[in-house]
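Peer 1:
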Amino acid sequence: MTGHLLPIDTQECRNLLRDATVGRLTWQAPEGLTSLPVAYGVHVDGRLGLQVGASGVLATLAQPTEVAFEVDDLDPVTLTGWSVLVRGTVQAWQGEFPAGLCRPWAPGEEYVALEITPRQLSGRSVSAD
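In terms of the numbering used here, the sequence shown has 140 at position 129, counting the first letter as 1, and numbering is strictly consecutive.
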């Protein structure tokens, strides 16, 4: 049995990002590389929108910060899946945050709206056979 890793074109990466709702945001924090799961949505202009708790660590990313953002779907039964990686800048959302763009996880908190502006987008599909 041999596996396959195949590149996913940019448009399909965008489609997969639009279909998912949770990804992992990675950045260089003062204590080292940090990666946390976040709920997100894709705006019509391609920016990724997040609403994070105002008192949490993610709120510190309102200042422009280079990040990686990864979304995937892997099936352990069929040994197939895909992964999309976004590299870009996260900062405070510019303008009014669109209602319904994403559902924040932190209940009952005030939120900070963030945007990730993609600079590079890549993806791969994986199959064990």
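Where a beta carbon is used, it is the ideal one built from N, C-alpha and C, also for glycine.
Here the structure is a predicted model, which is why all the values come from computation and not from measurement.
By the DSSP assignment, the beta strand (DSSP E) with leucine 16 in it spans what residues?
Peer 2: 15-19
Peer 1: Start and end of the beta strand (DSSP E) containing threonine 48?
Peer 2: Checking the displayed sequence, the identity of residue 48 turns out to be proline instead of threonine. Proline 48 -> beta strand (DSSP E) spans 43-50.
Peer 1: Return the chain-ordered list of same chain residues with a C-beta closer than 6 Å to the C-beta of serine 133, the five sequence neighbours on each side being excluded.
Peer 2: Excluding five sequence positions before and after serine 133, the CB atoms of its chain that fall closer than 6 Å to its own CB belong to Leu96, given in chain order.
Peer 1: Distance check for valine 82 and leucine 160, CA to CA, integer angstroms please.
Peer 2: One cannot answer for residue 160 here, as it falls past the ends of the chain, which runs 12 to 140.
Peer 1: Could you name the residues of the same chain whose beta carbon sits closer than 8 Å to that of alanine 117, not counting the 5 residues immediately before and after it, in chain order?
Peer 2: Val63, Gly64 and Gly67
Peer 1: If you draw a straight line from the C-alpha of valine 78 to the C-alpha of leucine 36, how long is it?
Peer 2: 7 Å
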